[in-house]
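Here is the structure we will look at.
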Amino acid sequence: MKKGKMIILSGPSGSGKTTISHYILSKFKKLKFSISCTTRNIRNNEKHGKDYYFISMNDFIYKIKKHQFVEWEEVYPKLFYGTLKKEIEKIWESNQHVLFDVDVKGGLNLKKQYPNNSLSIFIMVNSINVLKKRLIIRNSENFFHKNQINMRLKKVKEENKYAKLFDFIILNINLFETKKKMIQLVSNFIYTK
Ligand code: 5GP
């Protein structure tokens, strides 16, 4: 199997990971997004096979049993997310590198399995209020119920403890600055051997 590189973006929900990953994908044609499987419900603005593969719990369990995931996590109670081995293989076969947007444990798991060809970046925000605001804005778009916001905020403290285990931490205060730093990190990584 062909082997390329991988960039792992992790960080709490609301840290800006998704915005950053869309930006990076638009700038580097060599990068392709790894589409994960999830058991959560599809949101209005999402497409199956583009944002996620939305699958049933039974299907998810079947894939675990068949060892089809390179990593998977119960990211929130009863909500499962996982990366398929064949997703990575497909991207490498097409001569591209992989970009992951995964939770902190999944990110560290990938880093451990691919220590020599991965770049792991933790996106951090300096205040829980900023996160809360972002999640509430999303909520107004009907993304989350209130208990889902609280569930995500509760997780942040625990997630931040793992930040130092990543190759780089980016404090996302100013999106413009964050994008600039990301461009630097990503180009250094993908254009050097
Ligand atoms: P959301 O439901 O907001 O799309 O994502 C919730 C969390 O799940 C985010 O932190 C996202 O990065 C993470 N996530 C998405 N796909 C995967 C995956 O394949 N594995 C793991 N471990 N986490 C994932």
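With positions in the sequence shown counted from 1, the corresponding number in the working numbering is that position plus 4.
From the three backbone atoms N, C-alpha and C, an ideal C-beta is built for every residue, glycine too.
Three-state class that DSSP yields for residue i in the structure shown
i, result
"E145", "With a pLDDT of 47 at E145, under the threshold of 50, the modelled position of this residue cannot be trusted; read the value that follows with caution. Of the three classes helix, strand and coil, the one that applies to E145 here is coil, per DSSP."
"S25", "helix"
"I68", "helix"
"M5", "coil"
"T196", "coil"
"S191", "helix"
"T43", "coil"
Inter-residue CB distance, residue i and residue j (contact presumed, cutoff 8 Å)
i, j, result
"L35", "I125", "At roughly 13 Å, the Cβ-Cβ gap does not stay under 8 Å, so L35 and I125 are not in contact."
"D62", "M128", "Checking the displayed sequence, the identity of residue 62 turns out to be Asn instead of Asp. Going by Cβ atoms, the distance from N62 to M128 rounds to 36 Å, so no, they are not a contact pair."
"T43", "I59", "7 Å"
"V160", "I141", "So it is not a contact: roughly 16 Å between Cβ atoms."
CA-to-CA distance, residue j to residue i, given in whole angstroms
i, j, result
"G110", "V74", "9 Å"
"I92", "F37", "9 Å"
"K54", "I39", "7 Å"
"V79", "I28", "24 Å"
"W76", "F180", "32 Å"
"E162", "K82", "18 Å"
"G18", "I65", "28 Å"
"L157", "V134", "11 Å"
"E145", "L139", "Low confidence applies here, because E145 scores a pLDDT of 47, under 50, leaving its location unreliable and the question unanswered by this model."
Among the options, the one whose alpha carbon lies nearest that of residue i
i, options, result
"S98", "Y195, F193, G8", "G8"
"I24", "I194, F193, N178, N192", "N178"
"V108", "M5, K21, T196, M186", "K21"
"G15", "K185, A167, S191", "A167"
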